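Sequences listed follow chains A and B, in order. First residue of the first sequence? That's 15 in my numbering, and the numbers climb one at a time after it. First residue of the second sequence? That's 14 in my numbering, and the numbers climb one at a time after it. Report on the structure given below.
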Amino acid sequence: KAGVTQTPRYLIKTRGQQVTLSCSPISGHRSVSWYQQTPGQGLQFLFEYFSETQRNKGNFPGRFSGRQFSNSRSEMNVSTLELGDSALYLCASKPQFTGDVGEKLFFGSGTQLSVL
Amino acid sequence: GEDVEQSLFLSVREGDSSVINCTYTDSSSTYLYWYKQEPGAGLQLLTYIFSNMDMKQDQRLTVLLNKKDKHLSLRIADTQTGDSAIYFCAEKSYGQNFVFGPGTRLSVLP
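And the structure:
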């Protein structure tokens, strides 16, 4: 089974631009979450999508948005980029909640975004 | 809100045991996890423990949970250079998001 795939692997943008990141979950997984990873802050939760609906949202400004398509693929968009948006953006998918077994997140390798 | 804390760095000699510690604040946490991140890669699930357990062992990995003190530890026996990575502790309760710690960077010295 193919893992979680994120594209592109690297991105360089300038302040004020916008960017779109893509994530393809493991086949059969319907939940996709996005995280921002920075050296000082660790992993910060952005949002989670399930069946094309946003289920949860973290404490990020409205410049950060996302969506999920009917095939469970997800995109994340950041508008009006700021220098502080430079980070590794990780996508994670999970299968349906499996009760006693526990929920498990499966991560992609991430998109490294640099804002100049 | 919920918080998960870890020390940021740990260095050990090859062949020694490594112990990575984590504390969390959410008393309703049902599952606690350890993830490993190698350079240039995403997070890989190492192991997890249900909150009604005290210990879980999986080959070289031993997880200890002290629910009273909200303290979780990961012990890696016979640490190898390939174990050098960042280790994240995470907690999860029903209906809530995963909360990750800042990660502990483990360096294994030859």
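The beta carbon of each residue, even a glycine, is placed where N, CA and C say it ideally should be. The structure displayed is predicted, hence computed values, not measured ones.
Short CB-CB distance (under 8 Å) between residue i and chain A
| i | result |
| --- | --- |
| B:G114 | yes |
| B:Y44 | yes |
| B:L85 | no |
| B:A98 | no |
| B:K105 | yes |
| B:N110 | yes |
| B:F22 | no |
Cβ neighbours of residue i in the same chain (closer than 6 Å, five flanking residues each side left out)
| i | result |
| --- | --- |
| A:R87 | S38 |
| A:S128 | I26, S100 |
| A:S47 | E62, A106 |
| A:P109 | H43 |
| B:Y61 | Y44, Y46 |
Minimum Cβ-Cβ distance from residue i to chain B less than 8 Å
| i | result |
| --- | --- |
| A:N85 | no |
| A:N70 | yes |
| A:Y103 | no |
| A:L127 | no |
| A:L119 | yes |
| A:S100 | no |
| A:S123 | yes |
Residue i, enclosing beta strand (DSSP E) - first and last residue
| i | result |
| --- | --- |
| B:S20 | Unbroken run through B:S20: none, as it is neither H nor E. |
| A:T34 | 33 to 38 |
| B:S120 | 117 to 122 |
| A:Y49 | 45 to 52 |
| A:L25 | 24 to 27 |
| B:Q109 | Counting along the chain, B:Q109 falls outside any beta strand (DSSP E), and DSSP gives it neither H nor E. |
| A:Q20 | 19 to 21 |
Residues near residue i in its chain [Cβ-Cβ closer than 7 Å; skip 5 each side]
| i | result |
| --- | --- |
| A:L95 | K27, R29, G30, Q31, Q32, V33, V129 |
| A:S93 | Q32, R77 |
| A:S58 | The sequence given here places Gln at residue 58 of chain A; Ser does not occur at that position. Closer than 7 Å at Cβ, skipping near neighbours: Y49, Q50, G72. |
Own chain partners of residue i with C-beta closer than 8 Å, once the 5 adjacent residues on each side are dropped
| i | result |
| --- | --- |
| A:I17 | For the sequence presented, residue 17 of chain A should be read as Gly rather than Ile. Excluding positions up to five away in sequence, the list reads I40, F120, G122. |
| A:V115 | With a pLDDT of 47 at A:V115, under the threshold of 50, the predicted position of this residue should be treated as unreliable, and no value is reported. |
- Which residue spans inside the segment 64 to 128 of chain A form an unbroken beta strand (DSSP E) run of at least 3? 67 to 71, 78 to 82, 88 to 92, 101 to 108
If we require 3 or more residues per run, which beta strand (DSSP E) segments fall completely within the segment 18 to 98 of chain B? 22 to 26, 31 to 37, 44 to 50, 56 to 63, 68 to 71, 74 to 79, 84 to 89
_Where the segment 50 to 62 of chain B meets chain A: residues whose CB sits under 8 Å from a CB there_ = G53, A54, G55, L56, Q57, L58, Y61
>> So if I threshold CB-CB distances at 8 Å, which residues from the segment 55 to 82 of chain A count as touching chain B?
In response: Q55, G56, L57, F59, E62, N70, G72
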